[in-house]
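With the numbering used here applied, the sequence shown corresponds to residues 10 to 254, in that order. The beta-carbon is built from N, C-alpha and C at its ideal position, and this holds for glycine as well. Structure first, commentary second.
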Amino acid sequence: MTLRKIQLGLLISLSLFLTSCENDSRIKEQLNSYFTTLFSEPIEVKYNKQFIQDHYAFSNGDFEGYNKPIDIDASYVELPDAISVEDKDIIINYANLQVNSSSQSGTIRLTSDAPKYDEMFTITFNIPSYRNFLDVLMLTQFNSKSGWGGEVYSDHAEIQRQSITSGHFYTLWTYSFYFETGNLSYSIKNYEHNIYGNYNETIEVENYYFCDEPYYDVEAPSQSLTKMVKYLQSVFEHYQDTQYL
């Protein structure tokens, strides 16, 4: 092999190396732009188990100048105390939730073998207050009991149980906890029901307020409500939320 051929080979190798570096640099810029935009919006934490992506895959042609699939692995370097990631789920640590909603930051690391990529990004989590999770606690508390069913609305959590008094006479118990006011209330609706619908309804309502001196009617036929009052009081005490104590 002549010296000229060696020099030509080195030049070709160097040219390919520089082209490869240039392509990788261009891809990294595109990846950085993509993830910067992706993580510019906060992650809204809404559930106790909420899926969070830990892998990003890009197909051929997704990025200019790169015609191979790109696999990006994501790992969480730092997370707020109120959340952790188990497998692909955000898990809420209730004890570290705050009385008011909060916005907290974490750090995510993204890596790839081809092209070589290793970057850190800040991610922001919008974490609701513990009061927003009282719906989950409340529904969990009652759904373990046969016959109870619940719904969560924008401003309150509600559970109901229907019982047959006799024949076509029914009683419907409804418990509601309102997040903003800290008001726990229940209604007892007695009614008759046939194929034409409900009629002869009578409604009794009691309200329970978490204020300076919580109260409840010990004569009311509701052991469950008394337990719920004490249960919620213990939650408020845990968070030192004097507004409802």
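Burial state of residue i (16 or more Cβ within 10 Å)
i	result
Ile212	exposed
Gly191	buried
Ser22	Unreliable positioning characterises Ser22 in this predicted model, as indicated by a pLDDT of 44, which lies under 50. The coordinate reading is nonetheless provided below. Exposed, because fewer than 16 other Cβ atoms sit within 10 Å of the Cβ of Ser22.
Ala166	buried
Phe142	buried
Phe245	buried
Ile117	buried
Ile204	exposed
Boundaries (first-last residue) of the beta strand (DSSP E) holding residue i
i	result
Gln252	Unbroken run through Gln252: none, as it is neither H nor E.
Glu160	158-161
Phe60	58-60
Phe178	178-187
Tyr195	192-203
Asp80	79-87
Among the options, nearest to residue i - alpha-carbon criterion
i	options	result
Trp182	Gly159, Gly206, Asn203, Asp164	Gly159
Tyr184	Asn41, Trp157, Pro124	Trp157
Thr133	Thr174, His177, Ala91	Ala91
Tyr187	Asn203, Ser42, Asn216, Ser175	Asn216
Gln39	Asp63, Lys55, Arg118, Ile79	Ile79
Ser172	Ile197, Phe67, Val94	Ile197
Asn76	Phe67, Glu128, Gln62	Phe67
Cβ separation of residue i and residue j, assumed to be a contact under 8 Å, to the nearest whole Å
i	j	result
Val161	Ser138	Val161 to Ser138, Cβ: 15 Å. No contact.
Phe178	Glu201	6 Å
Glu87	Gly70	Not confirmed; about 34 Å, so no contact.
Residues bridged to residue i (per DSSP)
i	result
Met129	Arg118
Gln169	Gly158, Thr183
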